[in-house]
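Enquirer: Residues in the sequence shown are numbered consecutively from 3, following full-length UniProt numbering.
Where is the CB? At the ideal position from N, CA and C, for every residue including glycine.
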Amino acid sequence: GKKKPLVVITRKLPDPVETRMRELFDARLNIDDTPMSQEQLAAAMAEADVLVPTITDRIDAELIAKAGENLKLIASFGNGVDHIDVAAAAKAGIVVTNTPNVLTEDTADMTMALLLAVPRRLVEGAHVVIDQDKWGGWSPTWMLGRRIWGKRLGIVGMGRIGTALARRAKAFGLSIHYHNRNRVSPALEDELEATYWDSLDQMLARMDIISVNCPSTPATFHLLSARRLALIQPSAFIVNIARGDIIDEEALIELMEAGKIAGAGLDVFAHEPSINPKLLDLARQGKAVLLPHLGSATIEARIDMGEKVIINVRAFYDGHRPPDRVLPNRI
Ligand code: 8YV
3 GKKKPLVVIT RKLPDPVETR MRELFDARLN IDDTPMSQEQ LAAAMAEADV LVPTITDRID
63 AELIAKAGEN LKLIASFGNG VDHIDVAAAA KAGIVVTNTP NVLTEDTADM TMALLLAVPR
123 RLVEGAHVVI DQDKWGGWSP TWMLGRRIWG KRLGIVGMGR IGTALARRAK AFGLSIHYHN
183 RNRVSPALED ELEATYWDSL DQMLARMDII SVNCPSTPAT FHLLSARRLA LIQPSAFIVN
243 IARGDIIDEE ALIELMEAGK IAGAGLDVFA HEPSINPKLL DLARQGKAVL LPHLGSATIE
303 ARIDMGEKVI INVRAFYDGH RPPDRVLPNR I
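(1) Please state whether the Cβ-Cβ distance between L43 and L75 is less than 7 Å.
(2) Using 6 Å as the cut-off, classify the Cβ of F79 as near or not near the heavy atoms of ligand 1, replying yes or no.
(3) Less than 7 Å separating the beta-carbons of F223 and G246?
(4) Determine the extent of the alpha helix (DSSP H) in which G265 is found, giving its start and end residues.
(5) T99 lies in the beta strand (DSSP E); which residues open and close that run?
(6) For a minimum of 4 consecutive residues, which ranges assigned as the alpha helix (DSSP H) are wholly contained in the region 279-311?
(7) When you compare the region 211-231 with the region 79-87, are there three or more beta-carbon pairs, one atom per stretch, that lie closer than 8 Å?
(8) Do L155 and L176 have their beta-carbon atoms positioned less than 7 Å apart in this structure?
(9) Roughly how many whole angstroms lie between the Cα atoms of L268 and L293?
(10) Thinking C-alpha only, which one of K5, A173 and A45 is nearest G152?
(11) Please tell me whether, using a cut-off of 6 Å, the distance from the CB of S298 to the nearest non-hydrogen atom of ligand 1 is below it.
(12) DSSP three-state label for L156, please.
(13) Quick one: does the C-beta of L53 sit closer than 6 Å to a heavy atom of ligand 1?
(14) Taking 6 Å as the cut-off, is the C-beta of T106 nearer than that to any heavy atom in ligand 1?
(15) CB-CB under 8 Å to E251, same chain, minus the five flanking residues each way: which ones, in chain order?
(16) Considering only residues of the region 103-179, which uninterrupted alpha helix (DSSP H) runs meet the minimum length of 4 residues and lie entirely inside it, listed in chain order?
(17) Could you tell me which of P102, E302, S276 and G164 sits nearest to L117, measuring between CA atoms?
(18) Between I57 and ligand 3, is there a pair consisting of the residue's CB and a ligand heavy atom that are separated by less than 6 Å?
(19) With respect to the alpha helix (DSSP H) encompassing R30, which residues constitute its N-terminal and C-terminal limits?
(20) Under 6 Å from any heavy atom of ligand 1, does the C-beta of G159 make it?
(21) Have a look at the DSSP bridge pairing and note the partners of Y198.
(22) Please state whether the Cβ-Cβ distance between V241 and F79 is less than 7 Å.
(23) Return the residue from the list A166, E25 and P7 that minimises the CA-CA distance to T113.
(24) Could you have a look at V328 and say whether DSSP puts it in helix, strand or coil?
(25) Rank V120, L53 and V130 by C-alpha distance to the C-alpha of I150 and give the top, closest one.
(26) Count Cβ pairs between the region 25-35 and the region 5-16 that sit closer than 8 Å; are there 3 or more?
(27) For N72, does the three-state DSSP call read helix, strand or coil?
(28) Quick one: residues in its chain with C-beta nearer than 6 Å to the C-beta of N72, no 5 flanking neighbours on either side, listed in chain order?
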C-alpha cells in the first residue's frame, strides 16, 4: 500500500486517539508530554509530513519558513488557531485544519458554570466550608450573591459557542443580547429571543453579565479595551472562556480593584500559564473565579477532537478537501 505519512504529535493525547493514530499513520508521539521548544518544533517540522500541534505550540512565520519539503498539513488539535500563523502557512503551501464543533457544548457548559459561579459566590462558599472553617452557621444576610434569573446577558461573538451559551442562558431566564460581526439568522434570533447590538459600546453599557465568545485574531486583540471596559456597569460581571488577549487584562484588574466591575470568571489569561498576581488577590477576595483553561477539558471532547484530527489527516492524504480547513481570510 501507500507509505504512511509521518505525523508528529506535539503533546500526549488520550490513549484511544494515540492507538488509532499509531494504526493509521507513522505516528511520532510525545510520550512524556513536555511542551516542545521552538528548536524541537523546527526539527519536527523539518521531517514531518503532518504536524499535530496544540495551543501550547507557537507555529509562527519563522518556524513555517524553516519547515521541510514534506510538511503539507498542520492538523491542529484544538479549535482556536491563534497560535498558528495561518497566512504564512498558506503562503508556504501548507494546509491548516482545526477541530471545531466537538468542543462547542462542553465549552458552553463551562461558560455557564462560570456565569453561575461568580454572581452566586460558588467557589467562595465552597472555600468557607472546606479550607477556612469559617462557617459559623446560616444567617439571612450572610454571603449574599446576585440573582442570575431575569438579568441581561451580552454575548460578544455569536458563533458556535456563543449560540450554545445563549440556549443555556435562555433556559436560565436570562435575556440574550449579542454583538457579532454579522447578525445571525432571523430564525436563530427568534429562537433565542436575542437582541442584536450593532454597537459593542452600547451593549456593554447595558448588560448585567458579559461573556466573551469570539476567537482571538488581530481584529479582536483587546476588543474589550480599557475604554470599553469602563463603559460596563459597576454591578456587572464578566466571563471569558475564549482567549486572554481579547480583554485588556490590566484594565479589567484595575476596574475590579476599584469596584467598577463586580466580578469576573476567567478560564483564559493574557500570559497563560502564568497569572497576574493581582488576579489571584481578586480571587481570594471572592471577586474572581479563575480556572486553568478547562473550557473543553472533558475526556469525551478530547477523544472527539482526536478523531477530528484523524479525519482531517486521512481526507488530506486521500486527496479530498479536509473538512475543517482553516482559510487565512476567515481569520
Ligand atoms: C483546548 C481551546 O485547550 O480549542 C481551543 O481553542 O482553547 C481549548 O479547547 C485546546 O483545544 C487544546 O489544544
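Expert: Looking at the atomic coordinates:
(1) no
(2) Short note on F79: C-beta closer than 6 Å to some heavy atom of ligand 1.
(3) no
(4) That residue, G265, is in no alpha helix (DSSP H); its beta strand (DSSP E) goes G265 to L268.
(5) From DSSP, the beta strand (DSSP E) with T99 extends over V97 to T99.
(6) 279-286
(7) yes
(8) yes
(9) 6 Å
(10) For the residues K5, A173 and A45, the minimum Cα distance to G152 belongs to A173.
(11) yes
(12) Leu is not the amino acid found at residue 156; the sequence shown has Gly there. Here G156 sits in strand by DSSP.
(13) no
(14) no
(15) Closer than 8 Å at Cβ, skipping near neighbours: F271, A272, N278 and L281.
(16) If you keep only unbroken alpha helix (DSSP H) runs of at least 4 residues inside the region 103-179, you get 106-119, 124-132 and 162-173.
(17) G164
(18) Summarising the ligand content, the structure contains ligand 1 and does not contain ligand 3.
(19) Premise fails: R30 lies in the beta strand (DSSP E), D28 to R30, not in any alpha helix (DSSP H).
(20) no
(21) In DSSP, Y198 forms a bridge with Y180.
(22) no
(23) A166
(24) Note: V328 maps to coil in three-state DSSP.
(25) V120
(26) The answer is yes - the region 5-16 touches the region 25-35, with three or more Cβ pairs under 8 Å.
(27) coil
(28) D51
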